[in-house]
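Peer 1: Numbering (the working numbering), first residue to last: 75 to 270.
I am attaching a structure below and will ask some questions about it afterwards.
Here it is in structure tokens:
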């Protein structure tokens, strides 16, 4: 019995995993630097990673292979060059109900985490998001993904609300802004009362 149903499967799985990892790391970076990136960018990257994970999970179910078999299929790609002959002789383990349930639980947990971060976004917001907030519309992952895809042609659509050239931005590293100035909207700065 071969380690995988097809010799091209390890190559395909490795490409899928590389793309998933790329989108996931990029989404984590956007979340980590959320004061510089909008919710729509995070929604797009996270959605791409989640679609890839769901596809990987469905492939695992349809092929009836366990996550360990998928990992060994990836290792077997590089086994010969790394001198791991035992990896090539690995016999796949069938997908057990426990492995399937654990995979589904991990997938559900990651999806819930993604949804909560998107819903409670504390970073920069786009002008479009500001308009939606004024209309009291709830955040929508699908609407943000569609908007992000449409913004590939017009990147200015994703500019942060309040990032206009005539408004001075606070120096890097200062969260409080300029002393003595309070922001009263996207374009106006008004002197704040003196603080003792």
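In this text, a Cβ means the ideal position worked out from N, Cα and C, and glycines have one as well.
(1) In the DSSP assignment, find the alpha helix (DSSP H) that holds residue 182 and state where it starts and stops.
(2) Leaving out the 5 sequence neighbours to the left and right, which residues in its chain are closer than 8 Å to residue 157 when beta-carbon positions are compared?
(3) Using DSSP's beta-bridge definition, name the partner residues of residue 139.
(4) Rounding to the nearest angstrom, what Cα-Cα distance links residue 183 and residue 189 in this structure?
(5) Can you round the beta-carbon distance between residue 117 and residue 218 to whole angstroms, since I take them to be within the 8 Å contact cut?
(6) Taking just the CA atoms, how far does residue 110 sit from residue 180?
(7) Three-state secondary structure (DSSP) at residue 198?
(8) Quick check on the burial criterion: 16 or more other C-beta atoms within 10 angstroms. Buried or exposed for residue 142?
(9) Figure out for me which residue from 195, 201 and 171 has the closest Cα to the Cα of residue 209.
(10) Can you list, in chain order, the residues of its chain whose CB lies under 8 Å from that of residue 140, leaving out five sequence neighbours each side?
Peer 2: Based on what the coordinates show:
(1) 171-193
(2) none
(3) 168
(4) 10 Å
(5) 4 Å
(6) 29 Å
(7) strand
(8) exposed
(9) 201
(10) 134, 166, 167, 168, 169, 170 and 173
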